[in-house]
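At position 80 of the sequence shown the residue is numbered 80 (the UniProt record's numbering), and the sequence of numbers has no breaks.
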Amino acid sequence: MASTAAKPKNRTAPRRRPGRPRGETHTESIRAALIKAARELFAQRDFKAASVREIAAAARVNPAMIHYHFGDKDGLYRAMLQETMGPVLQKVQELMNHASGRPASSIHDALEAVMTMLAHEPWVARLIVREVLAEEGPFRELFIREFAAKGGGRVPQLLEREMTHGRIRKDLDPTLGALSFMSMALFPFIALPVMEKVFGIRMTDAFTQRLIDHSTRLFYEGAGARPRRAEKKAR
Numbered sequence: 001m002a003s004t005a006a007k008p009k010n011r012t013a014p015r016r017r018p019g020r021p022r023g024e025t026h027t028e029s030i031r032a033a034l035i036k037a038a039r040e041l042f043a044q045r046d047f048k049a050a051s052v053r054e055i056a057a058a059a060r061v062n063p064a065m066i067h068y069h070f071g072d073k074d075g076l077y078r079a080m081l082q083e084t085m086g087p088v089l090q091k092v093q094e095l096m097n098h099a100s101g102r103p104a105s106s107i108h109d110a111l112e113a114v115m116t117m118l119a120h121e122p123w124v125a126r127l128i129v130r131e132v133l134a135e136e137g138p139f140r141e142l143f144i145r146e147f148a149a150k151g152g153g154r155v156p157q158l159l160e161r162e163m164t165h166g167r168i169r170k171d172l173d174p175t176l177g178a179l180s181f182m183s184m185a186l187f188p189f190i191a192l193p194v195m196e197k198v199f200g201i202r203m204t205d206a207f208t209q210r211l212i213d214h215s216t217r218l219f220y221e222g223a224g225a226r227p228r229r230a231e232k233k234a235r
């Protein structure tokens, strides 16, 4: 009598919970895709108008991925800004922590960090105008607390340190100097839609670098420490 072999039992793999991605590399690619989709959508419309489903559809992932990676849409917004502006904040902190080795490098490097980021990420300037300047709400407070205060809020200290190195005249008001610095860094990008039509400019890498160098020279022409002879003549 022929023996019958036992049939293997069908074992079904345990079902994954919704929102849990497979593999670390896959996880990071999904996170990056969501941030990229959010940048593109927030550049076109305000935060309230972009839904979670719309962001997920643009990234070609399940909406549950937003909850998995960021908690909610607010968390995605915060992560998007942090990933873009974090390197700028880090650069400003580095300039604060280390004495500059060459004249004018601190101001130049700070302007370069801010202006290069705005040139490469044009949606940031549009978001600042729409979500921060034109709207009162939680995202204005978030932007001020997490980014403006940590970046622009340190410019007066940067200027005070430049005074101690003798690169900026000591009678300069650091707060007014910081306002001038931020105007030079931000206004060309906030007003770019108008400036493109009025002056016919294009914010290419070459033009951005010219603008950074020009702004650095202009700042030091107005705020730079004058030679002692010039100070005596001015008196």
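Note that beta-carbon positions come from the ideal geometry of N, C-alpha and C, so glycine has one too.
Going by beta-carbon coordinates alone, are residue i and residue j separated by less than 9 Å?
i: L34; j: I66; result: yes
i: L158; j: A223; result: no
i: E121; j: T84; result: yes
i: A37; j: A59; result: yes
i: R161; j: S106; result: yes
Between residue i and residue j, how many whole angstroms is the CB-CB distance? I'm expecting something under 8 Å.
i: A125; j: L133; result: 10 Å between Cβ atoms; not a contact.
i: L186; j: M203; result: In fact, because the Cβ distance is near 13 Å, the residues do not count as touching under 8 Å.
i: F139; j: E146; result: No, F139 and E146 are not in contact; Cβ-Cβ is about 10 Å, not under 8 Å.
i: R45; j: W123; result: Incorrect: roughly 11 Å between the Cβ atoms, too far for contact.
i: V92; j: A110; result: 6 Å
i: V61; j: V88; result: The pair is not a contact, with the Cβ atoms about 28 Å apart (cut-off 8 Å).
Which residue from the options puts its Cα closest to that of residue i?
i: F143; options: G86, L159 and A56; result: G86
i: I30; options: Q44, F70 and L186; result: F70
i: V155; options: H108, D46, V198 and D74; result: H108
i: E112; options: L95, K197 and I190; result: L95
i: E141; options: R161, D74, V198 and M115; result: D74
i: Q82; options: A32, I55, V129 and V52; result: A32
i: T27; options: G166, D205, Y68 and A50; result: Y68
i: Y77; options: V61, E221 and A50; result: A50
i: Y220; options: N97, D72, T116 and R167; result: R167
i: D205; options: Q90, D72, N97 and T116; result: T116
Leaving out five residues on either side along the sequence, give the residues of the same chain with a beta carbon under 7 Å from the beta carbon of residue i.
i: I201; result: M195 and F207
i: M190; result: A quick correction: the sequence has Ile, not Met, at residue 190. Within the same chain, I190 has close Cβ partners A125, I128 and V129.
i: P188; result: M195 and L211
i: A56; result: N62, P63, M65 and I66
Once you ignore the five residues that flank residue i on each side, which residues in its own chain have a CB closer than 6 Å to its CB?
i: K48; result: none
i: A79; result: F70
I'd like the list of long-range same chain contacts for residue i, defined as Cβ closer than 8 Å, with 5 residues on each side in sequence excluded.
i: K170; result: M163 and A225
i: E135; result: D46
i: R102; result: Interpretation of R102 is limited by its pLDDT of 49, a score under 50 that renders its predicted location unreliable; the figure taken from the coordinates is listed afterwards. Closer than 8 Å at Cβ, skipping near neighbours: no residue.
Query raised in the report: Do three or more CB pairs link the region 177-191 to the region 210-227 at distances below 8 Å?
Result: Touching, per the Cβ criterion.
Query - Any 3 or more C-beta pairs closer than 8 Å across the region 147-155 and the region 197-210 - result: They do not touch, by the three-pair rule.
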